[in-house]
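Protein chains in written order, with our numbering: chain A, 58 to 301; chain B, 58 to 301.
Protein chains: 2
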Amino acid sequence: MKNAYFYTCNSSMAHKITQQILLTVDAVVFGYSQGQGVSVLLIKRKIKPFKDSWALPGGFVHDKESLEDAVMRELQEETGISVQYLEQLYTFGGVGRDPRSRVVSVAYFALVKSSEFTLLAATDAAEAEWFNIEELPVLAFDHGVIINKAIERLRAKITYEPIGFELLDRKFLFSDLEQLYVKLLGYDIDRRNFKRKMMSLGLVQQLDEVVASSTAGRPGKLYSFDKKKYKELKVSGFDLLKLI
Amino acid sequence: MKNAYFYTCNSSMAHKITQQILLTVDAVVFGYSQGQGVSVLLIKRKIKPFKDSWALPGGFVHDKESLEDAVMRELQEETGISVQYLEQLYTFGGVGRDPRSRVVSVAYFALVKSSEFTLLAATDAAEAEWFNIEELPVLAFDHGVIINKAIERLRAKITYEPIGFELLDRKFLFSDLEQLYVKLLGYDIDRRNFKRKMMSLGLVQQLDEVVASSTAGRPGKLYSFDKKKYKELKVSGFDLLKLI
DNA sequence: CCAAAAGTGTTGTGCCTACACCCATGG
DNA sequence: CCATGGGTGTAGGCACAACACTTTTGG
Numbered sequence: 058m059k060n061a062y063f064y065t066c067n068s069s070m071a072h073k074i075t076q077q078i079l080l081t082v083d084a085v086v087f088g089y090s091q092g093q094g095v096s097v098l099l100i101k102r103k104i105k106p107f108k109d110s111w112a113l114p115g116g117f118v119h120d121k122e123s124l125e126d127a128v129m130r131e132l133q134e135e136t137g138i139s140v141q142y143l144e145q146l147y148t149f150g151g152v153g154r155d156p157r158s159r160v161v162s163v164a165y166f167a168l169v170k171s172s173e174f175t176l177l178a179a180t181d182a183a184e185a186e187w188f189n190i191e192e193l194p195v196l197a198f199d200h201g202v203i204i205n206k207a208i209e210r211l212r213a214k215i216t217y218e219p220i221g222f223e224l225l226d227r228k229f230l231f232s233d234l235e236q237l238y239v240k241l242l243g244y245d246i247d248r249r250n251f252k253r254k255m256m257s258l259g260l261v262q263q264l265d266e267v268v269a270s271s272t273a274g275r276p277g278k279l280y281s282f283d284k285k286k287y288k289e290l291k292v293s294g295f296d297l298l299k300l301i
Numbered sequence: 058m059k060n061a062y063f064y065t066c067n068s069s070m071a072h073k074i075t076q077q078i079l080l081t082v083d084a085v086v087f088g089y090s091q092g093q094g095v096s097v098l099l100i101k102r103k104i105k106p107f108k109d110s111w112a113l114p115g116g117f118v119h120d121k122e123s124l125e126d127a128v129m130r131e132l133q134e135e136t137g138i139s140v141q142y143l144e145q146l147y148t149f150g151g152v153g154r155d156p157r158s159r160v161v162s163v164a165y166f167a168l169v170k171s172s173e174f175t176l177l178a179a180t181d182a183a184e185a186e187w188f189n190i191e192e193l194p195v196l197a198f199d200h201g202v203i204i205n206k207a208i209e210r211l212r213a214k215i216t217y218e219p220i221g222f223e224l225l226d227r228k229f230l231f232s233d234l235e236q237l238y239v240k241l242l243g244y245d246i247d248r249r250n251f252k253r254k255m256m257s258l259g260l261v262q263q264l265d266e267v268v269a270s271s272t273a274g275r276p277g278k279l280y281s282f283d284k285k286k287y288k289e290l291k292v293s294g295f296d297l298l299k300l301i
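Written out as structure tokens, the structure reads:
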């Protein structure tokens with residue numbers, strides 16, 4: 058039982074705090090590649106309960122570390138990955154989440170660049186693997202619920218904030234960006250309208266390079282995301298209007 | 058020190074969990090009245106630290122109670138209020154939040170009807186008080202930060218979800234709704250455009266009643282929020298377009 | 001009859017949607 | 001020369017913004 062670190066009172070009589078709740082963090086890391094589509098990074102559990110099930114990377118928060126630090130540490134330890142984008146998603150505190158004890162988990166939402174994606178996919182680490190969001194395995198604990206919430210957030214967010222760029226390489230083809238949106242939204246979008254709207258935001262700049270045409274067809278120009286411009290626009294408050 | 062409820066391992070060697078983190082919930086409760094504008098419910102702390110400072114209602118989560126239950130229990134105990142609307146806001150987990158120990162707090166965002174607002178304001182309970190969001194006192198812990206985040210959420214949410222109704226009486230004048238928006242947004246809006254847009258959503262119905270004109274001027278018709286219609290629309294997915 | 005608040009319509013502009021053909025390369 | 005994917009412009013509809021006068025009541 059936990060020590061009484063201090064006393065509290067709602068009534069007039071003070072009483073000890075003897076809370077038996079453990080705190081963890083979990084990360085839903087999204088990655089993207091042309092071939093595998095939008096994917097989530099999962100690890101295979103090596104201990105009970107749910108031994109050998111797939112689960113979100115995460116773990117217990119240390120006493121003197123912030124929640125963000127805990128997420129990044131666990132991601133590093135369990136998957137070796139470093140994320141581009143990290144934000145808090147939701148805190149899951151249901152009583153029966155963990156069969157062993159009361160565990161409350163602060164879930165985070167993370168995005169990694171395509172290069173990180175392929176990097177991990179190349180190694181044959183059996184411990185961490187990418188799963189397409191349409192073909193998820195059965196998950197440990199309530200991690201399925203957490204992922205669903207994260208996917209919902211991703212789908213919503215991509216229509217009003219330019220986070221698509223966090224999932225692509227630094228340089229990308231416009232068709233890549235379009236494909237990412239199509240896969241996330243689940244319906245086709247008009248190529249010309251999409252490009253016009255995206256360019257009108259002023260966040261995407263066309264480079265002078267042309268991709269070496271690997272496949273058939275006309276080689277595409279390369280584009281990059283103008284992060285500096287994005288920060289300028291964010292402070293002056295920018296309307297994304299209706300992005301899709 | 059907390060018992061080791063179970064073992065964990067990231068590395069191959071299992072080790073005990075000896076986490077010393079306490080978990081609390083805090084509630085940012087918004088209320089509204091014509092006279093006092095948009096306000097937050099605060100309580101005066103009776104114990105150290107921050108004795109006699111104003112703080113958010115909240116407290117420690119019990120071992121076998123969900124986070125939502127904890128919030129509602131604490132609100133009932135500390136303020137006697139019952140909320141119309143409750144959603145999770147954010148989890149604050151900075152290391153130095155509480156001078157005594159590591160305390161992580163899950164903050165909630167709540168709205169109460171105008172009637173509850175006036176009810177509490179009428180009693181002379183010195184423990185809980187409404188404060189206009191423009192005139193907040195110095196707050197205990199990081200509660201100022203929490204309130205700022207909640208205000209941000211409220212301002213954003215009111216433009217894309219019909220939560221304004223949760224703050225008004227069951228029957229209200231259109232001018233009340235308009236005033237609420239004006240006070241929250243901080244700028245004037247066109248009365249005619251506002252009414253047209255709001256009515257076009259089909260969520261507000263005009264009643265056959267007219268308010269007894271207490272002040273000078275033409276008496277207004279009463280309106281009410283059609284909650285049934287709202288639920289219908291929510292499932293079929295409704296565009297709010299640009300509400301303001 | 002005057003002050004105060006409620007109620008109501010129209011017009012212009014600009015964004016969004018829908019839509020189809022040519023271009024550059026590899027094989 | 002053909003298959004494949006990249007690149008581009010325009011016309012119509014509709015939602016949004018801008019705008020001011022009339023009506024009803026109390027004093």
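C-beta: ideal position from N, C-alpha, C; glycine also.
Item	Value
Taking the alpha-carbon of Gly88/A as reference, which of Lys101/A, Arg130/A, Thr81/A and Ser172/A has the nearest alpha-carbon?	Ser172/A
Would you say Val292/B reaches chain A, if we count a Cβ-Cβ gap shorter than 8 Å as a contact?	no
Please tell me whether Lys121/B has its Cβ less than 8 Å away from any Cβ of chain A.	yes
Helix, strand or coil for Leu279/B? Go by DSSP, reduced to three states.	strand
Less than 8 Å between the CB atoms is what I'm expecting for Trp187/B and Leu177/B, so what's the real figure, rounded?	7 Å
Please tell me whether Ser281/A and Lys240/A are closer than 8 Å, where the distance is taken between their beta carbons.	no
With respect to the alpha helix (DSSP H) encompassing Ser257/A, which residues constitute its N-terminal and C-terminal limits?	Arg248 to Ser257
Assuming the contact rule is C-beta atoms closer than 8 Å, Ala207/B and Leu98/B should be a hit. Round their C-beta distance to whole Å, please.	In fact, because the Cβ distance is near 11 Å, the residues do not count as touching under 8 Å.
Cβ atoms of Glu125/B and Leu22/B: under 8 Å apart, would you say?	Here chain B has residues from 58 to 301 only, and residue 22/B is not among them.
According to a CB-to-CB cut-off of less than 8 Å, which residues of the segment 137-169 of chain B neighbour chain A?	Gln145, Tyr147, Thr148, Gly150, Gly151, Val152, Arg157, Ser158, Arg159, Val161 and Val163
Please tell me whether Phe198/B has its Cβ less than 8 Å away from any Cβ of chain A.	no
Taking the C-alpha atoms as reference points, what is the distance between Arg130/A and Gly115/A?	9 Å
Please state whether the Cβ-Cβ distance between Ile190/B and Glu135/B is less than 8 Å.	no
Could you check whether the Cβ of Leu80/A sits closer than 8 Å to any Cβ belonging to chain B?	yes
Determine, for Phe174/A, whether the minimum Cβ-Cβ distance to residues of chain B falls below 8 Å.	no
According to DSSP, Gly92/B sits in a beta bridge with which residue or residues?	DSSP lists no partner for Gly92/B.
Enumerate, from N- to C-terminal direction, the unbroken beta strand (DSSP E) stretches of 3 or more residues contained entirely within the segment 183-256 of chain A.	185-189 and 228-230
Between Ala127/A, Leu279/A and Glu122/A, which has its C-alpha nearest Leu143/A's C-alpha?	Ala127/A
Counting only beta-carbon separations shorter than 8 Å, does Asn67/B have a partner in chain A?	Residue confidence for Asn67/B is low, a pLDDT of 48 falling below 50, so the modelled location carries little weight; the figure read from the coordinates is stated next. For Asn67/B, the answer is yes, since a Cβ of chain A falls inside 8 Å of its Cβ.
What number of angstroms, rounded off, separates the C-alpha of Leu132/A from the C-alpha of Ser139/A?	7 Å
Distance check for Thr75/A and Lys59/A, CA to CA, integer angstroms please.	Confidence is the limiting factor: at Lys59/A the pLDDT is only 49, short of 50, which leaves the residue's position unreliable, though a coordinate-based value still follows. The alpha-carbon atoms of Lys59/A and Thr75/A are separated by roughly 6 Å.
Here's a check: name, in chain order, each residue in its chain whose Cβ is nearer than 6 Å to the Cβ of Phe117/A, leaving out the five neighbours to either side.	Thr81
Say whether chain A places a C-beta atom closer than 8 Å to the C-beta of Gln76/B.	yes
Within 8 Å of any Cβ in chain B, is that where the Cβ of Phe303/A sits?	There is no way to answer for residue 303/A, as the model of chain A reaches only from 58 to 301.
I'd like the list of long-range same chain contacts for Ser110/A, defined as Cβ closer than 7 Å, with 5 residues on each side in sequence excluded.	Arg102, Val195, Leu196 and Ala197
When you compare the CB of Phe117/B with every CB in chain A, is at least one pair closer than 8 Å?	yes
Am I right that Gln263/A and Lys284/A are in contact with their C-beta atoms under 8 Å? What's the rounded C-beta distance?	About 16 Å separates the two Cβ atoms, so there is no contact after all.
For Ser90/A, which residues of its own chain have a beta-carbon under 7 Å away from its beta-carbon, when the five flanking residues on both sides are left out?	Ser171, Phe174 and Thr175
Can you pull the chain B neighbours of Leu264/A, defined as C-beta to C-beta under 7 Å?	Going along chain B, no residue has its Cβ under 7 Å from Leu264/A, so there is no contact; the nearest lies around 34 Å.
On the three-state DSSP scale, how would you describe Lys285/A?	helix
What residues of chain B sit near Leu241/A, judged by a beta carbon separation below 8 Å?	Those do not exist, as Leu241/A stays about 17 Å from chain B at its closest Cβ, beyond 8 Å.
With which residues is Asp83/A paired in a DSSP beta bridge?	Gly115/A and Ala164/A
Within 10 angstroms of the Cβ of Gly92/A, are there 16 or more other Cβ atoms? Answer buried if so, exposed if not.	exposed
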